[in-house]
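Chemist: Sequential numbering from 1 applies to the sequence shown in UniProt numbering. Backbone N, C-alpha and C fix where the C-beta goes; we use that ideal spot for every residue, glycine too. These numbers come from a predicted model, not from an experiment. Below you'll find the structure I mean.
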Amino acid sequence: MGFYVSSWSNEVRQQSLSDLRRNIGHLDMVAMESFFTVPGQDTIVDKADTAALNAIHQYKRKAIAQISNFSGNDFDGQTVRTILSDPANSNAL
Numbered sequence: 001m002g003f004y005v006s007s008w009s010n011e012v013r014q015q016s017l018s019d020l021r022r023n024i025g026h027l028d029m030v031a032m033e034s035f036f037t038v039p040g041q042d043t044i045v046d047k048a049d050t051a052a053l054n055a056i057h058q059y060k061r062k063a064i065a066q067i068s069n070f071s072g073n074d075f076d077g078q079t080v081r082t083i084l085s086d087p088a089n090s091n092a093l
């Protein structure tokens, strides 16, 4: 399994995608940083990299979506608690 991160900057995204394409033959699945919490809200934003998903599917590999709660310089546990403690939000997730 490999981890794919593309959200930091366009330069990081291009390098990550290049690395993924070069190494995907050695992987059986890829965990992708795809969804992000919004600090102070009960919202998750979809930022899945479709180019990476296309490469993963082209090589018939499995993709696992990760939800990131990193905000600024730290992890935002309160937003995750808010989402998971509400049955409607938890079911939507």
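Ordered along the chain, which non-local residues of its own chain (more than five positions away) have a Cβ less than 7 Å from that of Val80?
Modeler: So the list reads Thr37, Asn69, once near-sequence residues are dropped.
Chemist: Within the same chain, show all residues whose beta-carbon is closer than 6 Å to that of Ser71, passing over the 5 residues directly before and after it, in chain order.
Modeler: The answer, listed in chain order, is Pro39.
Chemist: What does the Cβ neighbour count give for Leu93, buried or exposed, with the cut at 16 atoms within 10 Å?
Modeler: So Leu93 ends up on the exposed side.
Chemist: Skipping 5 residues on each side, what residues in its chain have a beta carbon closer than 8 Å to that of Leu17?
Modeler: These residues qualify, in order along the chain: Ser6, Asp49, Ala51, Ala52, Ala55.
Chemist: How long is the line joining the alpha carbons of Asn91 and Gln58, rounded to whole angstroms?
Modeler: Spanning the two alpha carbons is a distance of roughly 31 Å.
Chemist: Going by DSSP, what residues sit across from residue 131 in a beta bridge?
Modeler: Any answer about residue 131 is impossible in this case: the structure gives the chain only from 1 up to 93.
Chemist: Between the Cα of Trp8 and those of Ile64, Leu84, Gly2, Asn73, spot the shortest distance and give me the residue it belongs to.
Modeler: Comparing Cα positions, the closest option is Asn73.
Chemist: Reducing DSSP to helix, strand and coil, say where Gly2 ends up.
Modeler: Gly2: strand per DSSP, three-state reduction.
Chemist: Straight-line CA distance for Phe3 to Asp28?
Modeler: Rounded to the nearest angstrom, the two C-alpha atoms are 11 Å apart.
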